[in-house]
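Visitor:
Chains as they are written, first to last, in the numbering used here: chain V, 653 to 1104; chain D, 653 to 1104.
Right, dumping it as C-alpha cells:
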C-alpha cells in the first residue's frame, strides 16, 4: 500500500477544508477520509434553525456531500467508519466499518485528526442516555431531535445549561410551541459574557417565554420506560418530555489514548502554528485541538466553525508542503437570542482577574442607527481595556438588529493590540440608516478612555 | 473686552463639539459662537430622510438647539450672524448681524473656524440661483427643499451629479412620487467607487425608477419667471420642475481671503494634528479643513460628519490646553441607495494608479448570512492590496441589508497597515443569521492573496 497516503479522521469543516486544500495543491495525492456519520461538510451551527423549522430540511445544512467529494474532488470519503485507535509507531489506524461491523487497520503516510468536539454529558447521572435526552453536535444529533419532536409532540423541554447552544435551542423549541425550562448552574446565562451583560440576556430569554432557573444544578432524572419524565435539580423536580444538554462541548480525543499524541487544555490536541502535533506526520485541526488565545497568550479550548475552517486550511497547506500558519484566535463569538444579537471578543472580567491584569471597564447604551432614523434599535456595548496603556482587551455587545457584526472591529483591535484611543480615532462608517455619527463602540471607548 | 475669549465661527458638528469640549474642561471660559443660520448641531446627513418624509419634522435632526447651548452649557450662541472677515493681526473678526443688518468687530483671544462646506454650484450658468434650484448642505437648505415640494407639487426633478447626496436625494424624491433624472458628467455614479462597483450602483438606481444619463454635462438652464423649466445638457433638453445640485461640496473659506490663514487642497484650511492653523491662536475643524489621508499620506478634502465631530473634539481639547491629536482619516463612507448599502474605505484604483502604487484587486459575490439561512442577501466585496506586500489599500462593499457595516473592519485594517493575510487570519464573528463562516471580506481576501 502507498505509504504516502493522506488519511483524515473526521469529515466535517476542518477535515474537508484540509482535504480540499490538499487536493488543489496535489491533484494526484491519495486522500481517504473516515467519517463516523453519514454526512460531510455540514453546518452544525445551523442545527437550531433546522429544528425551529426556519430551515426546511437538514440537507440544506450540507455544503458538500460525500458523493460530491468522491466524484468531483477524487477524495475517498468513507462514511459510517469510526476510528478506534491510532498506532503512530506503525503509522496505521484501526477502523470500525459500522455497516459491516468489521474492523481493519489502515496505514497512513500522513495523518490528520479532525474529530471535532462532542457535547458534554454527565455520564454519572443515570438516564443520561435515555431516548428523549439529546446533545447537539453532529447533523445526526440534529436530525434525531427533529424526528423526536415530530413523532412525539413533546409539551415541555428542559435544557441543561445556558450557553450559546442552550439558548439557540431554547428559541428553536419555543418556535415549535414547546415549553422551555433552562437550568443553569451559574448565576447567569452565557458565561462567556460578564455578569452585567449576561443579565441582559437572561431577561431577554425570560421575555421570550422560557423559564430560567439560575444557580441550580442537575441532580438526577426520573425515568419510565427508558424515557426521562422529570428532571431533578438541587431545588425542584421539573416535568420533562425531552431533555437537551447545552453544557458545553469537549474534544473528541479519547480514542488517542496510548498514541503518544500530546493533549493539552481539556484534553484537546496540542498543535503548533502549522497544526502539527508532537508526532511526526500527524496533524490535527478544528474542534479537537487547543487554540492559542492571542490576548492572554495562553491556550484555550473553543469549538467554533470559524476556527475549524481556518485551521483546516492551514493543516491542508502544511500537509501539502506549503507555508501557512494559524496564529490563534481571540474568542470572538456571536449568537442570536430572539430579537437580540449577542457578541463577544477578547477576554472577560473573570479571565483578566485570573491573569492578574489590571483593567478598566465600562458599559454604554446607544442605538444601531442615528437616533432620529426609523427603526433605530438599542445596542449595549461593554469594553475592557488595560489600565495605563489603554490597550483594548475585550468587548461585548448586545443589541437588536444590526448590533452584532460591530464586534468584528473589536476583534480586529484586540488582535492587533490597538488602544481605546486608536478606536476613537478610527474612521468608522457613518450614515443615518447604519449608525450614529460616533459608532457605539467609539462612544464606549470615549467613556472608558477617561478611566485609564 | 476679555482677550481670552474663545470665538467660534460656525455652530454645527465641529464647532459645537469643540465648544462643548472646552466647556467641560474650562467651566468659566467665555465662549461665543457665531452661526449664520438659525440652527445649531443638526444632522445634515439626515436631510434626505426628512425630505423623503421618513423623518417627520426637521426638528428631529437637531441634536441641541441654540437655546439649550445658552442655558445648559453657558455657551453664547448667536444665530443669524455671518462672519465676513478675519483680521488675525488685530485678533478680531467682522460680523454681520443678519437680523439688525448691522456689522461689528468682535475681538478674540482664541479663534476656531468651523464654517463647514457648501455644495458646489456652477455660478457660470445663468439660473443657478433660480427659485427652484437647490443645493443640499445646511438644515435651512433642507427645509427650503421640503417647503418647495409641499407648496409646488413638482412632477419631475433633475439632479446634477451622482455622488452620495445626489443618490440619497434621488431616493427621497422618488419616495415623494417625483420623477427623477440624474445627469452625471462621468461614466459612472459614485466616483468614489471603482467603475466595476459603480456599475452596480447605476443599475440599482435605474431599477429604483430614476433615469440616469452618464457622460453628460450640464450646459444651461431654460428659465421662466425666475424658475428653471428645462435643464439643457450637451445631449438633450430635460423638463424640470426642480433642480438639485449634487456635484460635491467645497470648504466655506472665501471669507478668509487676506487673513494670512493658509489654505491647502481645494482651498480647505491647512491644520496640524492639533487642528491649529498656521496663525497663532487660530484653530479650524470640520468640513472647512483638509484631512490627512492615512493610506496615501497626502492631504485630501472630505466633508464627513464623522471627521467633523472628531476634529471638533480635538480642536476643543487643544484650545483648552489638553493634549489631543487627530491622526487623519481613510476615506470611509457609507450610503444607502434603496435596498443597497454602499460602502468604501481607503484608496480606489484611480488613486493608486495616480500614486504609482502597484496593486492587485479582485471582487467576490457572497451573502450576508449563511447561504441556507432565510433572508440571506447578496453582498459584493472588492479589495485592493499592494502587490508583493499584500498590505490592504482599500475596500468597497455593495450589498443588501447587513452589508455596509462590514466596511469598518476594512477601515481598521487599512488604517493599521494590515495585510490580506491578517484579514484572513482574523477571528471575525460568525453565526448563521449574521454571516457565512468565512466573512465575505475574508472570502475576498482569500481570493486576492493568490494574486500578490
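C-beta atoms are modelled at their ideal positions from N, C-alpha and C, and glycine is treated no differently.
#1: I want to verify the contact list: residues of chain V whose CB lies under 9 Å from the CB of residue 1059 of chain D, in sequence order.
#2: Using a 10 Å radius around the Cβ and a threshold of 16 neighbouring Cβ atoms, would you call residue 912 of chain D buried or exposed?
#3: What's the C-alpha gap between residue 768 of chain D and residue 737 of chain D?
#4: Are at least three pairs of beta-carbons, each pair with one atom in the stretch 1090-1101 of chain V and one in the stretch 656-676 of chain D, less than 8 Å apart?
#5: Per DSSP, what kind of secondary structure is residue 1117 of chain D in: helix, strand or coil?
#6: For residue 1085 of chain D, does the count of other Cβ atoms within 10 angstroms reach 16, so buried, or fall short, so exposed?
#7: Just list the alpha helix (DSSP H) runs in the stretch 784-826 of chain V, keeping only unbroken ones of 4 residues or longer that don't cross its boundaries, in chain order.
#8: Residue 1026 of chain D lies in the alpha helix (DSSP H); which residues open and close that run?
#9: Around the Cβ of residue 945 of chain D, are there at least 16 other Cβ atoms within 10 angstroms (buried) or fewer (exposed)?
#10: Only counting runs of 4 or more residues, tell me where the alpha helix (DSSP H) segments fall wholly within the stretch 696-774 of chain V, in order along the chain.
#11: Tell me which same chain residues have a C-beta within less than 6 Å of the C-beta of residue 653 of chain D, skipping the five on either side of it?
#12: Counting contacts by CB-CB distance shorter than 9 Å, is residue 721 of chain V in contact with chain D?
#13: Please confirm if residue 1074 of chain D has its CB atom under 9 Å from at least one CB of chain V.
#14: Just list the beta strand (DSSP E) runs in the stretch 989-1054 of chain D, keeping only unbroken ones of 3 residues or longer that don't cross its boundaries, in chain order.
#15: Is the Cβ-Cβ distance between residue 982 of chain D and residue 942 of chain D less than 9 Å?
#16: The alpha helix (DSSP H) with residue 936 of chain V in it runs from where to where?
#17: Contact between the stretch 762-781 of chain V and the stretch 859-868 of chain V is defined here as three or more beta-carbon pairs at a separation below 8 Å; is this criterion met?
#18: Whose Cβ in chain D lies nearer than 8 Å to the Cβ of residue 693 of chain V?
#19: Report yes if the CB atom of residue 867 of chain D is closer than 9 Å to the CB atom of residue 839 of chain D, and no otherwise.
#20: For residue 679 of chain V, is the classification buried or exposed, using 16 other Cβ atoms within 10 angstroms of its Cβ as the cut-off for buried?
#21: Three Cβ pairs or more, each shorter than 8 Å: is that satisfied between the stretch 807-820 of chain V and the stretch 926-943 of chain V?
#22: Span of the alpha helix (DSSP H) holding residue 969 of chain D?
#23: How long is the line joining the alpha carbons of residue 728 of chain V and residue 671 of chain V, rounded to whole angstroms?
#24: With 9 Å set as the bound, which would you pick, yes or no: does the beta-carbon of residue 1096 of chain V sit closer than that to a beta-carbon of chain D?
#25: Mark residue 888 of chain D as exposed unless 16 or more other C-beta atoms lie within 10 angstroms of its C-beta, in which case mark it buried.
#26: Can you pull the DSSP bridge partners for residue 672 of chain D?
#27: Quick check on this structure: which residue in V/684, V/937, V/746 has the alpha carbon closest to the alpha carbon of residue 904 of chain V?
#28: Closest Cβ-Cβ distance between residue 706 of chain D and chain V: below 9 Å?
#29: Measure from the C-beta of residue 1067 of chain D to each C-beta in chain V and report whether the shortest distance is under 9 Å.
#30: Give me the Cα-Cα distance between residue 1029 of chain D and residue 1076 of chain D, rounded to the nearest whole angstrom.
#31: By the criterion of Cβ-Cβ separation under 7 Å, what are the contact partners of residue 712 of chain V in chain D?
#32: Around the Cβ of residue 1103 of chain V, are there at least 16 other Cβ atoms within 10 angstroms (buried) or fewer (exposed)?
#33: Skipping 5 residues on each side, what residues in its chain have a beta carbon closer than 7 Å to that of residue 963 of chain D?
#34: Skipping 5 residues on each side, what residues in its chain have a beta carbon closer than 6 Å to that of residue 797 of chain V?
#35: Quick one: residues in its chain with C-beta nearer than 6 Å to the C-beta of residue 837 of chain V, no 5 flanking neighbours on either side, listed in chain order?
#36: Measuring alpha carbon to alpha carbon, tell me which residue in D/1017, D/1051, D/1072, D/1022 is nearest residue 622 of chain D.
Guide: In short, the structure shows the following:
#1: 1080, 1081
#2: exposed
#3: 16 Å
#4: no
#5: Any property of residue 1117 of chain D remains undetermined from this structure, which presents chain D solely from 653 to 1104.
#6: buried
#7: 791-804
#8: From DSSP, residue 1026 of chain D is part of no alpha helix (DSSP H); its letter is neither H nor E.
#9: buried
#10: 699-704, 718-725
#11: Summary for residue 653 of chain D: the model assigns pLDDT 44, below 50, so the residue's position carries little reliability; its value from the coordinates is reported in the next sentence. Excluding sequence neighbours, residue 653 of chain D sits near 759.
#12: no
#13: yes
#14: 992-998, 1011-1019, 1030-1038, 1044-1051
#15: no
#16: It is not in any alpha helix (DSSP H) - residue 936 of chain V instead sits in the beta strand (DSSP E) that spans 934-936.
#17: no
#18: Going along chain D, no residue has its Cβ under 8 Å from residue 693 of chain V, so there is no contact; the nearest lies around 11 Å.
#19: yes
#20: exposed
#21: no
#22: 957-971
#23: 10 Å
#24: no
#25: exposed
#26: Answer is none; residue 672 of chain D lacks a bridge partner.
#27: V/937
#28: yes
#29: yes
#30: 22 Å
#31: 1024
#32: exposed
#33: 666, 927, 937, 938, 941, 978
#34: 703, 786
#35: 869
#36: What is shown of chain D runs 653 to 1104, which leaves residue 622 of chain D out entirely.
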